[in-house]
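Position one of the sequence shown corresponds to residue 9 (the numbering used here), numbered consecutively onward.
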Amino acid sequence: MHCQGVHSKGSASVRHDYAWLEEFMGAAWDWDVHQAEFAAGIAESIEKDFSAVNELYEAGRLLPEGQGGMWELPVFGGHSVDHPACTRPPFVHLTPAETRQASAFLTDVSFDALWESSPELHTGFGPDWAVEDVRDIHLQHHTGLRAFYDRTATAGKAVVKAFWY
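Here's what the structure looks like:
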């Protein structure tokens with residue numbers, strides 16, 4: 009999953025067109041561009057564990073911070089822009105308001121409360137993984153997403169997400 013902070017108005021704003029998003033996000037996935045955007049704080053990526061991170065946030069549906077579907081926003085939530093033939097993963101767009109909601113959820117929710125509410129994730133990477141290592145991986149992803157959404161929301165930007173399978 010690759011998240012990109014984008015302008016929501018003006019000539020630099022995101023288009024809700026699959027071909028345009030494919031080109032835009034494909035260029036952002038270029039190694040040098042990705043590294044520069046990551047360093048600038050306008051991009052965040054989770055290479056393979058994003059579904060597990062979504063499961064962690066799903067535990068938030070029972071917490072006050074996750075009510076109203078706010079737990080869904082950081083990973084899979086938003087407005088889907090589907091491939092015309094539905095043969096590729098969609099792109100997902102969050103408005104600036106939804107980006108602020110995702111940021112609020114990630115800031116307000118306790119990682120420990122999420123982790124304690126998700127015992128199935130403790131061994132989710134298989135029997136050879138120590139629970140502490142799995143927890144650390146989830147914490148690193150949570151910390152990265154929290155910082156990304158905070159910066160993006162503070163800047164008043166929208167978010168586009170690409171899922172590369």
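The beta-carbon is built from N, C-alpha and C at its ideal position, and this holds for glycine as well. Keep in mind it's a predicted model, so treat the numbers as computed, not measured.
Residues in its own chain within less than 7 Å of A121 by CB, not counting five upstream and five downstream?
Reading the sequence shown from its first residue, position 113 is the one you call residue 121. These residues qualify, in order along the chain: L71.
I'd like to confirm the pairing. Which residues does DSSP put opposite S53 in its beta bridges?
Counting from 1 along the sequence shown, the entry for residue 53 is found at position 45. Looking at the DSSP assignment, S53 forms a beta bridge with H10.
Residues bridged to H15 [DSSP beta-bridge criterion]:
Within the sequence shown, numbered from 1, the residue matching residue 15 stands at position 7. BP columns for H15 point to S21.
For V169, the residue or residues it bridges with in DSSP:
Along the sequence shown, one-based indexing puts residue 169 at 161. With the sequence shown as reference, residue 169 is identified as Lys, and Val is not the correct amino acid for it. Paired residue(s): C11, V100.
Which residues DSSP lists as bridging S88, in chain order:
Here the question's residue 88 lines up with position 80 in the sequence shown. According to DSSP, S88 bridges with V100.
Cα-Cα separation between D136 and V22, rounded to whole angstroms:
For the purposes of this step, residue 136 is taken as the residue at position 128 of the sequence shown. For the purposes of this step, residue 22 is taken as the residue at position 14 of the sequence shown. Their backbone Cα atoms lie some 42 Å apart in a straight line.
Pick helix, strand or coil for L114, following the three-state DSSP scheme.
Taking the sequence shown and counting its residues from 1, the one referred to as residue 114 is at position 106. Helix at L114.
Inter-residue spacing [alpha-carbon to alpha-carbon] between A60 and L129
Taking the first residue of the sequence shown as 1, we reach residue 60 at position 52. Taking the first residue of the sequence shown as 1, we reach residue 129 at position 121. A60 and L129: Cα-Cα distance of roughly 7 Å.
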